[in-house]
Structures are given as structure tokens and as C-alpha cells.
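Note that our numbering numbers the sequence shown so that position 76 is 93, with each residue one more than the last.
The beta carbon of each residue, even a glycine, is placed where N, CA and C say it ideally should be.
Below is one structure, written out as C-alpha cells, with a few remarks after it.
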Amino acid sequence: MKIIYFLLSILILSNCKSVQNTSQPIEKISKEKFLEKPFGFKETIKDFSNNSVVKFKTEKLLNRNRHYPEKTDTIYKFYYKKSEVFFYKTHTGKEFLLAGKIMNKQIELVNQIFVGIPKTDFKNRFSENLEIKGDSIQMMGPGTKYTFIFKKDKLYRINIDNYFD
């Protein structure tokens with residue numbers, strides 16, 4: 018009987034996990050620095066494929082160049098569950114992050130910004146005072162706009178709208 022209790026206790030103890038506090042202090046960043054590299058790496062198709070924690074599925078869509086109809090550009094669609102990110106690659110090889118919709122918490126932006134983060138924690142990630150209009154915050158830079166939409170004081174969705182011509 019003692020052997021059974023001993024084996025049970027070993028079994029129970031082996032299933033217990035110790036939890037380490039791996040969270041590091043978060044350094045506040047400026048909106049400008051965030052907009053330079055929102056994902057924490059260069060916004061190219063290769064870097065997005067290699068550096069993303071989430072394994073995105075990919076689609077390639079051909080698009081005629083509006084300035085040179087004889088040339089064909091490519092739109093790359095990366096998608097994971099409800100989220101999708103689009104890259105535009107010109108016939109000359111230039112790449113741009115075109116647009117996106119992030120709705121899954123597994124996709125994390127720089128400074129630990131992710132869907133589900135409380136609004137107060139989100140605001141504490143930035144060095145400036147963020148202006149909230151209704152339930153959304155917009156960050157705009159040259160040719161780029163990130164809209165953070167909150168529901169019940171938690172980040173619900175991130176919209177990415179970039180412009181180039």
C-alpha cells in the first residue's frame with residue numbers, strides 16, 4: 018500500500034508545473050517609433066514570413082499595375098483565423114505593407130501590443146498621451162494609419178491602412 022501512495026505522489030508531483038515570471042518591464046515608445054516597425058522587424062514579405070510567431074497561410078493574387086497595364090504586380094495575402102495582412106509587390110520588386118486586420122491575440126506587435134490587452138495597459142505602452150475618439154485610437158504617419166478599436170475596454174481589433182502610389 019505504501020508503494021501505491023509513493024507512486025501516486027510521484028505521479029502527481031511530476032504533473033505539477035512551476036510557473037516562472039518571464040515578464041520583463043516594458044519600456045514606453047513613441048508613436049513615431051512604433052510606426053517605423055510595428056511588428057518589430059522590417060515590413061517585407063520575407064521578414065514577415067520568417068519572423069512571425071504565427072504560421073500564416075499565404076495566397077498570391079496578381080494585379081495589373083494601374084500606371085503600366087502591361088506590367089503585373091502581386092498582392093500577398095497572409096491570413097490566420099480571423100486576421101489577415103496584405104503586402105503589395107511591384108513589378109520592379111518593391112514591397113509594401115498594404116493593409117491588414119488583426120483580430121487574434123497570437124499576433125503580437127512591438128512592445129507587447131496584442132488583441133485583448135486592456136486599454137489602460139495599451140496606453141501605458143506609449144510615451145505620449147494618446148487621444149481616444151470614442152472606442153478607437155488612430156496613429157498616423159507618412160503613408161500609414163493604424164486604428165486600434167476597443168470593446169469593453171480591451172483591444173478588439175487592429176486595422177492597418179497604408180497608402181502608396
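Of the residues D90, K48, F95, T89, which one's Cα is nearest the Cα of N67? Looking up residue 67 in the sequence shown gives position 50. Of the candidates D90, K48, F95, T89, the one whose C-alpha sits nearest the C-alpha of N67 is F95.
Based on the DSSP output, what are the partners of Y173 in its beta bridges? Along the sequence shown, one-based indexing puts residue 173 at 156. The bridge partners DSSP lists for Y173 come to none.
Is it buried or exposed, L79, if we count other Cβ atoms within 10 angstroms and call 16 or more buried? The residue you call residue 79 lines up with position 62 of the sequence shown. With fewer than 16 other Cβ atoms from the protein chains shown falling within 10 Å of its own Cβ, L79 counts as exposed.
According to DSSP, which residues form a beta bridge with D152? The residue given as residue 152 occupies position 135 in the sequence shown. None, per the DSSP bridge assignment.
Quick one: Cα of G117 to Cα of Y85, how far? In the sequence shown, residue 117 corresponds to position 100, counting from 1. In the sequence shown, residue 85 corresponds to position 68, counting from 1. Rounded to the nearest angstrom, the two C-alpha atoms are 26 Å apart.
C-alpha gap between N179 and F113, whole angstroms: For this step, residue 179 is matched to residue 162 along the sequence shown. For this step, residue 113 is matched to residue 96 along the sequence shown. Each residue's Cα considered, the two are about 8 Å apart.
So, does the region 69–78 touch the region 161–169, judging by three or more C-beta pairs under 8 Å? No, because fewer than three Cβ pairs between the region 69–78 and the region 161–169 fall closer than 8 Å, the two stretches do not touch.
Does the beta-carbon distance from I62 to F104 come in below 8 Å? For this step, residue 62 is matched to residue 45 along the sequence shown. For this step, residue 104 is matched to residue 87 along the sequence shown. For I62 and F104, yes; Cβs fall inside 8 Å.
Taking the alpha carbon of I43 as the reference point, which residue from Q155, G151, E49, K140 has its own alpha carbon closest? As a first step, residue 43 must be located in the sequence shown, where it is residue number 26. Ranked by how close their Cα comes to the Cα of I43, the residues Q155, G151, E49, K140 have K140 in first place.
Report the rounded CA-to-CA distance for T39 versus I149, giving the unit in angstroms. Your numbering for residue 39 matches position 22 in the sequence shown. Your numbering for residue 149 matches position 132 in the sequence shown. The pLDDT assigned to T39 is 43, lower than 50, so where the model puts this residue is not dependable; a value taken from the coordinates is nonetheless given after this. When rounded, the distance between both Cα atoms is 31 Å.
Beta-carbon separation (whole angstroms), V127 vs P55, contact threshold 8 Å: The sequence position of residue 127 within the sequence shown is 110, counting from 1. The sequence position of residue 55 within the sequence shown is 38, counting from 1. Sure, about 6 Å apart at Cβ, within 8 Å.
State the beta-bridge partners of M157 as determined by DSSP. Along the sequence shown, one-based indexing puts residue 157 at 140. Among the bridge pairs identified by DSSP, M157 is matched with K162.
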